[in-house]
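Asker: Can you keep this structure in mind? I'll have questions shortly.
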Amino acid sequence: MRPNQHYPILKQYINPINTPTIMNYWLVKSEPDTFSWNDLVTLGRDMWNGVRNYQARNNLMAMTLDDLVLFYHSVKNPGVVGIAKVVSTHYPDPTSPDDPRWVVVDLAPEQALEQKVSLASIKQQPELAGMLLLRQSRLSVMPVTTAEFHTIVQMGKLTVK
DNA sequence: GCCAACGTTGGC
DNA sequence: GCCAACGTTGGC
């Protein structure tokens, strides 16, 4: 994936003045040993399956097409490593065929951060003190505010001109 | 490897 | 409805 290949699209999304529709921002966690950002890049698209928590499930169900999603590596050197995009809204999780409670969305890689935004640096950034990530450490799918999204993107060296 | 946080289960 | 026991997640 060429680093700035998608930059013009990203710029459109993260500039509130030019945003064509209401955008939602999210954060999803994955243990890189299980499924990493590079795995998503390699696949080009992935079904985000396996969520078995109601709060996380409700967040998946609230995602709309083209929402941007911070991709967070948990456990090992935790931090945000990339930006993904919602390319399919929720549908039943095929990995729980006998349990209709659970859903998936499809995600595609949008843009790798130039620099990982570590959990430690998030904790040190006063503007991010209110992040749900810091208050509810076990939640794996969560909303992110527009301001928080901007801050993370800038910390990841994807500054908007 | 340890432990805190927190969600779920099941006894009462 | 309460709560103890237990399992899982995730930071350190």
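Mapping to our numbering: the first sequence position 113 is 1082, numbers consecutive. Virtual Cβ for every residue (Gly too), placed ideally from N, Cα, C.
(1) Alpha carbon to alpha carbon, how far is serine 1043 from aspartate 1062?
(2) Since valine 1074 contacts histidine 1059 with CB under 8 Å, what's their CB separation in whole angstroms?
(3) Please go through the same chain and pick out, in chain order, the residues whose beta-carbon is closer than 6 Å to the beta-carbon of lysine 1085, but skip the five residues on each side of it.
(4) Rank Ala1116, Ala1053, Ser1109 and Thr1114 by C-alpha distance to the C-alpha of arginine 1021 and give the top, closest one.
(5) If I'm right that alanine 1053 touches glutamate 1083 with Cβ under 8 Å, what's the distance once you round it to whole angstroms?
(6) Who are glutamine 1080's beta bridge partners in DSSP?
(7) Whole alpha helix (DSSP H) runs in the segment 1057–1110 with 4 or more residues, listed along the chain?
(8) Mind checking who methionine 1030 pairs with in its DSSP beta bridge?
(9) Run the CB neighbour count on aspartate 1015, radius 10 Å, all protein chains shown included, and call it buried at 16 or more, exposed below.
(10) My guess is that tyrosine 994 and threonine 1120 are in contact by the Cβ rule of under 8 Å, so how many angstroms apart are they, rounded?
(11) According to DSSP, which residues form a beta bridge with lysine 1045?
(12) Just the C-alpha distance for phenylalanine 1118 and leucine 996, rounded to the nearest angstrom, thanks.
(13) Label lysine 998 either buried or exposed according to how many other C-beta atoms from any shown protein chain fall within 10 Å of its C-beta, with 16 as the threshold for buried.
Answerer: Let me spell this out:
(1) Distance between the alpha carbons of serine 1043 and aspartate 1062: 22 Å.
(2) With a Cβ gap of about 5 Å, valine 1074 and histidine 1059 count as contacting.
(3) Excluding residues within five positions, the ones whose Cβ falls inside 6 Å are Gly1048 and Val1050.
(4) For arginine 1021, the nearest C-alpha among the options comes from Ser1109.
(5) That belief does not hold up - the Cβ atoms of alanine 1053 and glutamate 1083 are roughly 16 Å apart, past 8 Å.
(6) Residue pairing of glutamine 1080 in beta bridges, as defined by DSSP: Ile1052.
(7) Fully enclosed alpha helix (DSSP H) runs of 4 or longer: 1088–1093 and 1101–1104.
(8) Methionine 1030 is not bridged to any residue.
(9) So aspartate 1015 counts as buried.
(10) No, tyrosine 994 and threonine 1120 are not in contact; Cβ-Cβ is about 11 Å, not under 8 Å.
(11) As far as DSSP is concerned, lysine 1045 takes part in no beta bridge.
(12) So the two alpha carbons sit approximately 9 Å from each other.
(13) Buried is the call here.
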